[in-house]
Structure formats: structure tokens, C-alpha cells
Amino acid sequence: MEVGVFPLDVSYEACQETSPPPSKARKVKRKWSIGKKHSNLMSVYTCAVEITGNGVVFSTRMILMLDDEKKKLLETCKKMDELDLVIGSSGNVSTKTGDHVVITPTSILYAEMVLDDVVIVNSDGEVVEGNRSPSIELPMHLEIYRSRDDVSAVVHTHSIYASAMAVLREPLPPIIDEVIPKTGGDVRVSEYAMPGSNELGENVVKVLDRRSAALIANHGAVCVGKTLKGALRLAVMLERACKIYMLAKQAGEPHTLPEDVVEDEKDLWEFMKDH
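Here our numbering is used: position 37 in the sequence shown is 1021, and no number is missing along the way.
The following block contains the structure:
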């Protein structure tokens, strides 16, 4: 790997916009510096980039952004584990920054996961940083990002009540006022497909459509959003709503919200997702 500091006779923004080409590099060692020179009262910046053996180039700004996203992802994983939305190493989390996806590794217990375990892949799913393998559900995450330019975070859980609904293959209807404004409609169930398959991702995208949550048949749930915090918050709400629905069914026949209320809440969701 080479590490270089290159003077730029263009604006600092040009340095900031440097983006890495696709690569199969397995690991990038972190070394960078950034300096500032003054000449004729004009500031000329130098931008450090990292070049791996396979030609991956990271600008300083991209390095800092990805580091920040890795920290947020790890925090999300720890919180997800604390909230019993997953067990062991089940489920997975990702966030998208530019052409890169920061994602959880496969088969690492959340309780033991550290920052260096987190993996970064490019838009083709090739590892550009990290010495772990990405989550087996990487194809699903990539499929969601390809189909939804409004999504920057994906949280996939194996929580008890959402998983029970997925086993029943029964959609979650609008039973409480939190559901529609947060998800955009009833939470539908995808057709069954093997975990880690491209088909699973395609099936999830189909039922997700433009909504924010879906159940994965005989598997779990997936929630999407603009931020990891928002997607995790949605996963908590979804689990609570599924629990309420399952308990209500044990006592009788649950009543859904009136249709006119559902339509009003869909309008509210359209407004909220854009703000």
C-alpha cells in the first residue's frame, strides 16, 4: 500500500469529493495526514489519500465519514442486542455513505463485536476494508439500497413477536396509531427464500415497496430509514405493535383503525418521511 499527500491546485472541495473505485481489497491500514499551505494569500490544500494494492483510493474526508458511520453502526448493534431485538449474532445492520456500505460482519456476537470487526463494501458488495466477511444478508441490504435512493440505513432483526408474525405469514394491520405514520401502511410479509440468497432480497424489496418496514417469511423483520437511529427506533415500534397484535388475537378479534384514519395517517407518513 502507498500513502501519499498530493498538492491540489484546485479547491479543497475537490479533495473532499475524491471517491474510491471498486476493489477487492480485504483490508486498508489507516494512515493519513492533511496539510495546508499558503501562497499569494490563497490557500492551497493538500489531500492525503490511501492507495491499496488493488487501487482503492480514500480521501481524508471519506475516511473520517466512514469511521463515524462504523462507530454509529457498532452503537446500533449494541443497543439492538440490549433491547432483545436479536440474539447472539442473528440479524444484521448496515448504513450507506456515498458508494460504500458499512455492514456488520457474519457470525460475530454483538456483545463481543468491536470497531475493527465492522466491514466496508462497495456498491458491488466487494470488501474494501475489514478482515471479516460481511453479513450473509449483504445481498438483501444491497438490493434495498439499489431500489430505494431515500434509504441510508437498514436494520434487520430476529425479535420474538415480529418473527412470530413472519412465521404466521400474516401482515401486521393498522391496529395502533403508531404503525401507519411510521411504516406507510400495513407491514407485509415477503415470500419465503433461503437466508443470504438474492431471491430473499428481491422478495423483501417487492413487499417493502416505498414503505419503511417488512416482515421476512419464517425469518424476522427489516426496517429502513435515513439514519440508523431512525431505523432502530422503527424496529422497536414494530416489535411492540406485533406483540400487541398477537396478545389481542389471543383474547379475541383485533379491531383495525377506520379506513379514513388510515388514509389520513398515510398522508402524515408521506409528510414525515420527507422531513
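Note that CB positions come from ideal geometry on N, CA and C, so glycine has one too.
Buried versus exposed call for residue i [16 or more other C-beta atoms within 10 Å across all chains shown]
i, result
"P1242", "exposed"
"K1233", "exposed"
"T1060", "buried"
"M953", "What is shown of the chain runs 985 to 1259, which leaves residue 953 out entirely."
"I1128", "buried"
"A1215", "buried"
"T1141", "buried"
"N1115", "exposed"
CB contact flag (residue i, residue j, <9 Å)
i, j, result
"V1102", "V1086", "yes"
"A1197", "S1174", "no"
"V1188", "V1206", "yes"
"H1125", "G1204", "no"
"L1099", "L1058", "yes"
In DSSP terms, what residue i is bridged to
i, result
"V1103", "I1087"
"L1199", "V1173 and A1205"
"T1079", "V1086 and A1137"
"R1111", "Checking the sequence, you will find Val at residue 1111 rather than Arg. In the DSSP output, where bridge partners are listed per residue, V1111 has V1105."
"P1118", "P1089"
For residue j and residue i, the rounded distance between their alpha carbons
i, j, result
"K1055", "E1237", "44 Å"
"V1220", "K1227", "11 Å"
"Y1145", "S1078", "22 Å"
"E1053", "T1090", "18 Å"
"N943", "T1088", "It is not possible to answer for residue 943, since the shown part of the chain is limited to 985 through 1259."
"G1168", "A1148", "21 Å"
"D1108", "D1161", "39 Å"
"D1248", "R1194", "17 Å"
"D1133", "L1093", "30 Å"
"R1224", "D1068", "12 Å"
"G1082", "S1136", "9 Å"
"A1235", "M1049", "50 Å"
"V1139", "G1180", "15 Å"
"L1192", "K1062", "26 Å"
For residue i, the three-state DSSP class (helix, strand or coil)
i, result
"L1156", "strand"
"P1179", "coil"
"P1123", "helix"
"P1165", "helix"
"S995", "Reliability of the predicted coordinates at S995 is poor, the pLDDT of 34 falling under 50, and the value obtained from them is presented with this limitation in mind. Residue state, collapsed to three classes: coil."
"K1227", "helix"
"D1244", "helix"
"L1067", "coil"
Cβ-heavy atom distance, residue i to the ligand MN, below 8 Å
i, result
"D1065", "Looking at this structure, you won't find the ligand MN or any other ligand, since it has none at all."
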